[in-house]
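**Q** So that we are looking at the same thing, I have put the structure below in structure tokens.
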Amino acid sequence: MKASRIAAVTAVAGTAVLAVSSPAFAHVSVQPEGTAAKGGYAVIDFKVPNERDDASTTKVEVTFPADHPIASVMPQPMAGWKIDVTRSKLAKPLEMHGEKIGEAVTRVTWTASDGKGIEPGYFQKFPLSVGALPEDTDELVFKALQTYSNKEVVRWIEVQQKGQEEPENPAPVLTLSAATGDHHGTTAAEDTAEETSAKTGSTASDGTGSSGGTDTTARVLGIVGIAVGAAGVAYGVLAGRRRSTGSEA
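So in the working numbering, the last one in the sequence shown is 265, and the numbering has no gaps at all.
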């Protein structure tokens, strides 16, 4: 077989592999903006690609895990989309910050309000602020429904099984990181206060904050610099006197 034919066959085979494997990279997924620590709050993004060439995605519905309910879910306003948050009563109330919570968010639905939605060749991120995240699991499985303008519904609800290949329509999975001392069990307002404090360099009232240590270090370095400068000046004066004495002799 000539080299040109081999190259052509290889190219066709490669194209076929890409055509078969490409859908696996285009499913609905969820990722945190930063980290999603157990017991804390996080902003998560549901990434929804349009997989059709002749229709737009006009509705996205995400169902929250019933076995690990989340009490606080706040969507970010999005131009061109109507957002509905569904809450349901819990069989077993949650306890957050010393208070019992009797209901949690079970579903969030985004519906295109301008008729455009996610057009072919594009994707859209749908952000949510969620918390407090559960502490007794390493991941959260969300099930999503993607509706197109031609009335087709793609159900991203299949749960990945260990040791098996990825299903055709996998459900979005959020991986949780270990709990941190800074955000473990804090509220969204407390997180914001901590971030503001970190940016402005404010310290605790006992004076043990990081900026206090930075000020002390700066002062010590300043004093050392002055001392070194003074020593340099003194050395220069002495050296000048010695040269002057030598020339007179």
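Cβ coordinates follow ideal geometry from the N, Cα and C atoms, glycine included.
Which word fits residue 162, buried or exposed, when buried means at least 16 other C-beta atoms lie within 10 angstroms of its C-beta?
**A** The residue labelled residue 162 in the question sits at position 146 within the sequence shown. Residue 162 is buried by the Cβ-count criterion.
**Q** Helix, strand or coil for residue 218 per DSSP?
**A** In the sequence shown, the residue the question calls residue 218 occupies position 202. Note that residue 218 scores 40 on pLDDT, short of 50, meaning its location in the model is unreliable and no value can be drawn from it.
**Q** For residue 40, which residues from the same chain have a beta carbon less than 7 Å from its beta carbon, with the 5 sequence-adjacent residues on both sides left out?
**A** Within the sequence shown, numbered from 1, the residue matching residue 40 stands at position 24. For residue 40, the predicted structure reports a pLDDT of 44, less than 50, and the residue's modelled location is therefore unreliable. A value from the coordinates is still provided. Result list for residue 40: 182, in chain order.
**Q** Where does residue 174 sit, in a helix, a strand or coil, going by DSSP?
**A** On the sequence shown, position 158 is the one that residue 174 refers to. It is a strand residue.
**Q** Looking at C-beta atoms only, is the number of pairs between the segment 52 to 60 and the segment 135 to 149 that lie closer than 8 Å three or more?
**A** Cβ pair count under 8 Å is three or more, so yes.
**Q** How many Å lie between residue 59 and residue 65 at the Cα?
**A** Taking the sequence shown and counting its residues from 1, the one referred to as residue 59 is at position 43. Taking the sequence shown and counting its residues from 1, the one referred to as residue 65 is at position 49. Roughly 19 Å between the two C-alpha positions.
**Q** Can you tell me whether residue 164 is helix, strand or coil according to DSSP?
**A** One-based indexing of the sequence shown puts residue 164 at position 148. Three-state result, residue 164: strand.
**Q** Could you check the C-alpha separation between residue 72 and residue 122 for me, to the nearest Å?
**A** As a working note, residue 72 is residue 56 in the sequence shown. As a working note, residue 122 is residue 106 in the sequence shown. Using only the alpha carbons, I get a separation of about 26 Å.
**Q** Check whether chain D comes within 9 Å of residue 182, counting only Cβ atoms and requiring the distance to be less than that.
**A** The chain labelled as chain D is not found in the depicted structure, where only one protein chain is given.
**Q** Using the DSSP secondary-structure output, state which residues sit across from residue 120 in a beta bridge.
**A** By one-based count along the sequence shown, residue 120 stands at place 104. Paired residues: 104.
**Q** Starting from the C-beta of residue 136, find all residues in its chain whose C-beta is less than 8 Å away, skip the five residues before and the five after it, and write them out in chain order.
**A** Sequence index remark: in the sequence shown, residue 136 carries index 120 (1-based). Contacts found: 66, 68, 69, 70, 71 and 72.
**Q** Which class does residue 159 belong to by DSSP, given the choice of helix, strand or coil?
**A** Within the sequence shown, numbered from 1, the residue matching residue 159 stands at position 143. Strand at residue 159.
**Q** Rounded to the nearest angstrom, what separates residue 103 and residue 120 at their Cα positions?
**A** What you label residue 103 is simply residue 87 of the sequence shown in a count that begins at 1. What you label residue 120 is simply residue 104 of the sequence shown in a count that begins at 1. For residue 103 and residue 120, the distance between alpha carbons rounds to 5 Å.
**Q** Residue 63 and residue 78: beta carbons closer than 9 Å?
**A** Mapped onto the sequence shown, residue 63 falls at position 47. Mapped onto the sequence shown, residue 78 falls at position 62. Against a cut-off of 9 Å, the Cβ pair of residue 78 and residue 63 comes out as no contact.
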